[in-house]
Amino acid sequence: MIARMWEVRASRSGFDELLSWVCDTAVPSLEVLPQHVSSDVYSSTDHRIVVITKWRNTPESLPAPPEKLVARAPHVWDFTPVDR
Numbered sequence: 001m002i003a004r005m006w007e008v009r010a011s012r013s014g015f016d017e018l019l020s021w022v023c024d025t026a027v028p029s030l031e032v033l034p035q036h037v038s039s040d041v042y043s044s045t046d047h048r049i050v051v052i053t054k055w056r057n058t059p060e061s062l063p064a065p066p067e068k069l070v071a072r073a074p075h076v077w078d079f080t081p082v083d084r
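Take 1 as the starting number for the sequence shown in full-length UniProt numbering and just add one per residue.
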């Protein structure tokens, strides 16, 4: 299992539209893929949006967000579970 964390900061005026794009367009485009396991979307008061997806094997990337809605490009990290 691989978890991919995708984080983006919305422009000051673009937060609501970016969150709608993430929830209505970007995440659903991944959820139909056979290797997809689950997705969670989080937001913060400082205009950040985080998506955590879980994959059976190689994770897929979210599509690029509309440039007018972001304050900076998304950051992406992959994680694997730790046996403890």
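The beta carbon of each residue, even a glycine, is placed where N, CA and C say it ideally should be.
- Per the coordinates, the alpha-carbon of P81 lies some 19 Å from the alpha-carbon of V41.
- Residue pairing for V41: DSSP places it in a beta bridge opposite V51.
- In the DSSP annotation of this structure, D78 is not part of any alpha helix (DSSP H); the continuous beta strand (DSSP E) holding it starts and ends at 75–79.
- Counting of Cβ neighbours within 10 angstroms places V22 among the buried residues, the total reaching 16 or more.
- For the 8 Å CB-CB criterion, M5 and I52 form a contact.
- Nearest to E31 by alpha-carbon distance, out of R84, L18, E7, K54, is K54.
- Non-local beta-carbon contacts of K68 in its own chain, meaning distances under 8 Å to residues more than five positions away in sequence, involve S11, G14 in chain order.
- Partner residues in the beta bridge of W6, as assigned by DSSP, are V51, V76.
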